[in-house]
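As they're listed, the protein sequences go chains A and B. First residue of the first sequence? That's 1 in this note's numbering, and the numbers climb one at a time after it. First residue of the second sequence? That's 342 in this note's numbering, and the numbers climb one at a time after it.
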Amino acid sequence: MHIPDGYLGPQTYGAFYAIMVPIWFFASRILRKSLKAKQASYLALGAAFSFIIMMFNIPAPGGSTGHAVGGALIAIILGPWAALMAVSIALIIQALLFGDGGITAIGANCFNMAFVMPFTGYYIYRILGSKSDVSSPRRIFAAGVAGYLSLNLAAFFTAVEFGIQPLIAHTPDGTPLYAPYPLHIAVPVMAFEHLVLFGFIEAIVTALVVAYIARTDPVALGFSNVANMREGMKMARSSKGLWAFIGILIILTPLGLLASGVAWGEWSSEELQSILGYVPEGLKRLGNIWQYTFMADYNLPGWNTPFMTALGYILSGFIGVGVIVFVTFLASRFLPADRRS
Amino acid sequence: MRPRWLVTKDVEIHVPDYKKKSARKGFLDKTIGEVASLVKNSVFLEEYANRDGILQSIDPRVKVLSIALLLICVSLLKHPLLIIGLYLVILGLAMLSKIPPKFFLQRVWLFIPIFSGIIAIPALFNVFVPGEPVLILVKFQGKWSIGPIKIPEVISITKQGSMAAFVFVMRVATSVSLVVLLVLTTRWSYLLKALRVFCVPQIFTFIISMTYRYIHLLLRLIEDIHLAKKSRVIRKGSIREGQRWVSTQMGTMMKRSLKMSEDVYSAMVSRGFTNEVRVVDSFKIGRVDYLWSIFFVLFISLVMGLNRIWG
């Protein structure tokens, strides 16, 4: 799943660096606060461990073998924020010194494997395994599901990043400049191999390692990570800087209206028609499923002057962020505290 | 009484068919092989970094910045000729840095883009990348499709497809060459220190270099674990057994590294570590660096200018 150099165009990898830098910054603040002087040795060994996990060959049916990414596993053990930094450092070392994954693609690779995967994996594990004992079969099962789903999500993001390349970057005669396959090929191919093979390898490894640790060292599960997450939530609630940053981003969103064209990857069927000359079959079908948006085109019905459009844009931005914050808040409230803490 | 097998003439002796078995390596051999080649590679790297070539004599910070700019430049180029030109310049730089051309070419072309090359081949055909046909291969009656992929009535190699495949492979090869060149001509400790030109905080470069050292320690450990297992088993176990064994090793490894992080922390504190990192570096920008920078800026402007005109 490591994206090499040359697969993604500058707009895409640039955007992912822009997404990851504030995330890294925020994560490092949380860790500095919760780990203090321990963070250097803790993160270094965690990162070395993340690197090593990817080195193991795991036997698979038919005599073949596969590698696990380990994003969910590391998040379950170290907590999502430490996992984010540990896996990022492992990926940076792979790109810089071992030529595995591109340097320009570090942002995108970290987004897929160090952000999407640990966070989704961690929350799936917490939600499915809640209210059960650390070594109960339910927890082990939850770990397996977390490994399977988080890897597939990461693969899906990777496939979308590949798939949008021919749309955003091609010469006037239609020659794609970077990864050449459009979404309707990239997504099914990636999804297929991860749904039927790699997802299961990841699931088995995540479940077996969590079972092993639950058996031999149950304290390691669900102590550090909970402290870690609480710290993160507390900081998220209190840190004004982050909220100011998000606020500025929302207010700046109408600038997007001035830019020509549409956001990458966010085309409506009509826009795709004009870009591609055709609409992928699957998208046409998908597009017809969801007809009832409250704020179509990020605007309120009837607000049509440029000023009102900008206002509507900001408003829908606020509502969107509000919904996400609300869901996260609910998750943090209703996720039961770990018994051991 | 003599055993029966001594008396009977033609007994079937089961000799394991080694040839057949070695055709497909098990997971133990694979991991051992991969770890060995990783360690070997990182040891070999240092050898070229100490030669007195052109890239070795430039300040690591200037070099890291130049290579990063070149990587971005490669990703912006549109015309195939420009990418080829840049690739040739990189080859020249490798020669001037006293890296044997055969070694350099092998490292780039045998290692990574073979994989990208395989990915690029289907792009030739109009099934995957639509375009003007150059060579018609098959004609079908009527349209049909396999899953999400629509098979058109005529299957052909297209102008757009072959150009896309070519540009794609060349771009990946050129980018990989740049990274290989950087890694081969810079000692890893300098490389990590030089990351500070990108405003990477010192604590991170410090953690990254610590990680790199412990990776080598852990690599050694898993090599030993796998060798120990390999030398004690005489048959291939079931997949389940294998998976269970690998997971147990991962778990042990994790417990070991967490324990080790505690030990390392105590060791650091007992030696006076206060969570403040001071890195000693003796980087100095000299005359060579100024000369390099002037040439580099001129070169990049030329390439980007041509990219504008031809693109």
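Even glycine gets a Cβ: it sits at the ideal position worked out from N, Cα and C.
Skipping 5 residues on each side, what residues in its chain have a beta carbon closer than 6 angstroms to that of residue i?
i	result
A:N57	T65
B:L286	Look at the range of chain B in this structure, 342 to 652, and you will see that residue 286 of chain B is not part of it.
B:R649	none
B:Y531	P401
B:L406	V538
Could you check what DSSP says for residue i in three-state terms: helix, strand or coil?
i	result
B:I498	strand
B:K480	strand
B:H567	helix
A:I58	strand
B:P442	helix
A:V87	helix
A:H194	helix
B:F466	strand
A:V184	According to the sequence provided, residue 184 of chain A is His. The question's Val does not apply to it. Helix.
B:R649	helix
A:G70	coil
A:S260	Note that A:S260 scores 39 on pLDDT, short of 50, meaning its location in the model is unreliable; the coordinates nonetheless yield the value given after this. DSSP places A:S260 in coil when its eight states are reduced to three.
A:H2	coil
B:V524	helix
A:T65	strand
B:P542	coil
B:P334	Outside the displayed range of chain B (342 to 652) lies residue 334 of chain B, so it cannot be described from this structure.
A:L255	Bear in mind that a pLDDT of 46 at A:L255, under 50, signals an unreliable position, so the model cannot answer this.
A:P176	strand
B:H420	coil
Which whole-angstrom value describes the C-beta separation of residue i and residue j, a residue pair presumed to lie in contact below a C-beta threshold of 8 angstroms?
i	j	result
A:F119	A:A75	7 angstroms
A:A146	A:A72	5 angstroms
A:Y181	A:L8	So it is not a contact: roughly 13 angstroms between Cβ atoms.
A:A83	B:I548	15 angstroms between Cβ atoms; not a contact.
B:I563	B:V376	6 angstroms
B:L412	B:S516	6 angstroms
B:Y555	A:L45	6 angstroms
A:G70	A:I53	4 angstroms
Is the separation between the beta-carbon of residue i and that of residue j shorter than 8 angstroms?
i	j	result
B:V449	B:A535	no
B:V475	B:K500	yes
A:Q94	A:F156	no
B:H567	B:T372	yes
B:F509	A:G6	yes
A:T104	B:S416	yes
A:V205	A:L221	no
B:A461	B:A506	yes
A:I106	B:G592	no
B:T615	A:A37	yes
B:V644	B:L423	yes
A:I140	A:A207	yes
A:M20	A:N112	no
B:V618	B:Q543	yes
B:G472	B:G502	yes
A:F162	A:A142	no
A:S130	A:P218	no
Let me make sure I understand the geometry here. Which of the options has the alpha-carbon closest to that of residue i?
i	options	result
A:P4	B:V605, B:L647, B:V520	B:V520
B:L559	A:A27, A:I103, A:M55, A:T12	A:M55
B:L465	B:F445, B:M504, B:S457	B:M504
A:L183	A:I164, A:E193, A:S135, A:L221	A:I164
B:P401	B:G627, B:K570, B:Q447, B:Q584	B:G627
A:F98	B:V479, B:L525, B:L437	B:L525
A:I127	A:T12, A:A114, A:G144	A:G144
A:Y148	A:D133, A:T171, A:G129, A:G121	A:G121
A:S150	A:V187, A:I185, A:F198, A:V210	A:F198
B:W651	B:V405, B:Q397, B:P421	B:P421
B:N382	B:I408, B:V405, B:F444, B:C414	B:F444
B:L599	A:A18, A:I23, A:A86	A:A86
B:R528	B:M511, B:S611, B:F624	B:F624
B:D565	B:R537, B:V541, B:M594	B:M594
A:Q11	A:P59, A:E202, A:I168	A:I168
A:P80	A:G62, A:A27, A:E202, A:A108	A:A27
B:Y428	B:S518, B:R392, B:P442	B:S518
With a threshold of 7 angstroms on Cβ separation, who are the neighbours of residue i within its own chain once the five nearest residues in sequence on each side are excluded?
i	result
A:D173	none
B:I399	V629, D630, W633
A:S260	Interpretation of A:S260 is limited by its pLDDT of 39, a score under 50 that renders its predicted location unreliable; the figure taken from the coordinates is listed afterwards. The answer is none, since no qualifying residue turns up.
B:K577	G367
A:A90	A47, S50, F51
B:Q397	A390, S438, T526
Given residue i, which residues of its chain have a CB within under 8 angstroms of its CB, disregarding the five upstream and five downstream residues?
i	result
B:I641	L410, L411, C414
A:V373	Because chain A in this structure spans residues 1 to 341, residue 373 of chain A falls outside the shown range and cannot be described.
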